[in-house]
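See below for the structure under consideration.
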Amino acid sequence: DDRGVPVDFVALEPEPISSFYGSEREQRDLVEIENVPTSLVSAIYAVEDRRFEEHHGVDPRRIAGAMLANLRAGGIRQGGSTLTQQLVKNFFLTPERTLRRKLTEAVMALIVEARYSKPQILEAYLNEIYMGRRGATAIHGVGEAARFFFGKRVADLSLDESALLAAVIQSPNAMSPHRHPERARRRRDLVIELMEKQGRISREEARRARARDLSLAAISLESGQDRYFLDELARQLPEVYDAKLLATEGLRIYSTLDTTIQRAAVRALQSGLEDLERRLGQKKRSADGGADGDEEGGPLQGCLLAMRPQTGEILAMVGGRDYATSQWNRCTLARRQVGSVFKPIVYTAALSPQSGPLLTLASTVLDEPLKVETREGPWQPVNYDKKFRGPVLVRDALERSLNVPAARIGQAVGIGKVVEMARRLGIESRLPPVPSLALGTAEVSPLEIATVYATFANGGLRPTPRSFIGLLDDRGIGQEQWPLEGARRVLDPGTAFLTTSLLEGVVDRGTGRGLRARGLQGPIAGKTGTTDDENDLWFVGFTPEIVAVVWIGYDEPHAIGVPSSRGALPIWADFLAEISGSRVRGHFARPAGIERVEIDPETGARALAGCPGHRPEFFLAGTAPKDTCPRRPRRGRSFFERLFGGRG
């Protein structure tokens, strides 16, 4: 403590990140009528119920005016409901437009007016009115709307901001200032005009208010980018807990979100995408995510998901670059070609004892032209550089992300076995059983890929991704913390360790070595993934404590113009550096049944003292090579040979 006395136990108070109300996952910030500015009350009166202070729940003049307008329009174009009637409808009735429902609404409005004062009714209305959606969350009340649109308390709203809130009430989605700024501005200016005509504001006040731009708050972590995670939390809760329990007021839900890691994820993704766009020479996207990005497919998008591999706890989830303009969660909902990040699944299937094992890390695979007959005709995979290298060791093939060896391994194992392994590791998306599957032609979500790599990191135990730990009911009594299954053994620890070792090599020497070039040290395993046409860029990596996946692409797929090593990998590196520093702690534990043997790096044979090259390699017990290195070290060249170039 502050006196230097050792403390035996420290409890951290959880940080509140959001609140939900009701089965529709409403979000609201309750306000008291005395804290609502006069400008907002006047704006709502002007456009929604100008005689609110005069009528007793029903306004005959307003009804007559609405009927006349509807007769002229030949249909229902204008409503005659007062604020009290709107409140009654929202609380007690359905939205259907029938005479019976309208009569019921009118009678109930009269009863409400008889029992409650005007300030009480207005306060209830201001806290109940629907103001739009934030992904899966409904925004209710002017308090929450003020925070969402302007990032401020309702008491601090200016005249033009008050008019904008009043403008949104008529049609919150169609008038959303985030999605339809020009339409929202026109409606705001109409509200200001009505306020002036009704004598609620002066001509000069109206002029100044109309001259103001829409001063919308930037979507920050607290008001935006954590919403992707909260949408997933809201989706998962009904899968685990009874609807009656979730409808109870006062529940405290303990999420898995780590706000420090989440903020790092937001910063890494945002700055990484902006930097990539600058390098690609694209225009900086506009504030509303419109056409100032790439003309063909909108702004460049991405997602970053981080998970604790031992438990499946989702620590960070950023499903896109701007939640205000797109609530589509690319971490969970997008299905995109995964490219080479799928290859470790193929290698794992071949290394598993269930296949024999078919391969060890010292096996050689031919990198030579391959033709596979399919129903659509012959399939002939090629490497990214269109070159062939002859026999290559398994480790070298994955470190270089060679396509032909991966395709050969897929054929040797059998595509059916590859699909089976992918299912065991956590992929639920459709996996066409075709030869090209070995190269990652399937479309899979980032969350599924994170689960696969979490299984490698967790020694073959597959965790269930989860967004919350548990909850307390309104009496403070804890409910069962996670009724779903925990981590399940789907892969033996030895094979998981071998795959992890391969992926460490990718980072140390292969296509992921950019992490080391950026100064990251310690135990890191990972894999790059770039589709043939560079539509999708991936990097998936893990340490002993965290697994993270980065995906980059356009929502309407087309070429980005760079490989994943220059697109997704730098974002992953920046993210890890912020949460872990330059040196990652811990180590990947070697399980029982794994032996370490020196091999010849060219042939894969066991290396003896006389072999010219040595490299340590790992094997399942009893599978290390028995053949010894056939090569012998060359004697040094003589002076004359060095002088005249002999034996070059």
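Mapping of the sequence shown onto the numbering used here: position 355 corresponds to residue 437, and the numbering continues sequentially without gaps. All residues carry an ideal CB built from backbone N, CA and C; glycine is no exception.
Taken through DSSP and simplified to helix, strand or coil, Trp-654 comes out as helix. DSSP places Thr-625 in the coil class of the three-state scheme, outside both helix and strand. Cβ atoms of Leu-543 and Arg-570 come within 8 Å of each other, at about 7 Å.
Spatial neighbours of Asp-449 in its own chain (CB-CB distance under 8 Å, excluding positions within 5 residues in sequence) are listed in chain order as Asn-465, Phe-470, Arg-471, Gly-472, Pro-473, Val-474, Ala-479, Leu-484, Val-486 and Pro-487.
The beta-carbon distance between Ser-511 and Arg-417, rounded to whole angstroms, is 6 Å. This is short enough to meet the 8 Å contact definition.
Less than 9 Å separates the beta-carbon of Phe-700 from that of Leu-443. In the three-state DSSP reduction, Val-447 falls in the strand class (E or B).
In this model, Ala-532 and Val-632 are separated by some 10 Å (Cα to Cα). Beta-bridge analysis with DSSP links Asp-618 to Gly-635.
Taking the C-beta atoms as reference points, Phe-670 is found no nearer than 9 Å to Pro-575.
Considering only Leu-553, Arg-482 and Ile-274, the residue with the shortest C-alpha distance to Asp-324 is Leu-553.
The beta carbon of Ala-599 is closer than 6 Å to none in its chain, skipping five residues each way along the sequence. Ranked by Cα distance from His-138, the first of Ala-607, Leu-204 and Pro-435 is Leu-204. Taken through DSSP and simplified to helix, strand or coil, Ile-551 comes out as strand. Shown here for Arg-688: same chain residues with a beta carbon closer than 8 Å to its own, the five before and five after excluded, namely Val-679, Glu-680, Ile-681, Asp-682, Ala-706, Pro-707, Lys-708, Asp-709, Thr-710 and Cys-711 in chain order.
The C-beta distance from Ser-549 to Glu-314 rounds to 5 Å, short enough to meet the 8 Å contact threshold. Inclusion of Ala-188 and Tyr-198 in the CB contact set at 9 Å is not warranted, their separation being larger than that value.
Note: Met-389 is bridge-paired with Ile-396 and Val-629 in the DSSP secondary-structure output. Per the C-alpha coordinates, the member of Lys-200, Pro-201 and Phe-173 positioned closest to Met-190 is Phe-173. Of all C-beta pairs linking the region 418–429 to the region 608–622, three or more are shorter than 8 Å, placing the two stretches in contact.
Boundaries for Thr-407: no alpha helix (DSSP H) harbours it, and the DSSP string shows neither H nor E there. Bounds of the alpha helix (DSSP H) holding Lys-279 are 263–279.
For the pair Glu-684 and Gly-692, the CB atoms are not nearer than the 9 Å cut-off. By the Cβ criterion, the region 250–261 is not in contact with the region 111–118, since fewer than three pairs of Cβ atoms, one from each stretch, lie closer than 8 Å. For Val-454, the enclosing beta strand (DSSP E) stretches over residues 454–456. Contact between the region 430–437 and the region 495–507 is present: 3 or more CB-CB pairs across the two stretches fall below 8 Å. Rounded to the nearest whole angstrom, the C-alpha separation of Arg-216 and Leu-122 is 22 Å. In the structure shown, the three-state DSSP call for Lys-468 is coil. Per DSSP, Val-572 lies in no alpha helix (DSSP H) and is assigned neither H nor E.
When the Cα atoms are used, Cys-413 and Pro-645 turn out to be separated by approximately 20 Å.
For the 9 Å CB-CB criterion, Trp-654 and Ala-350 form a contact. For Glu-195, the closest C-alpha among the options Lys-234, Glu-135 and Arg-270 is that of Glu-135. Within the same chain, and ignoring the five residues on either side of Thr-456 in sequence, the residues whose Cβ sits closer than 8 Å to its Cβ are Val-516 and Pro-517. By the Cβ-count criterion, Leu-185 is exposed, with fewer than 16 other Cβ atoms from all chains shown falling within 10 Å of its own Cβ. Bounds of the beta strand (DSSP E) holding Glu-680 are 676–681. DSSP, reduced to helix, strand and coil, places Pro-119 outside both helices and strands of the structure shown, so it counts as coil.
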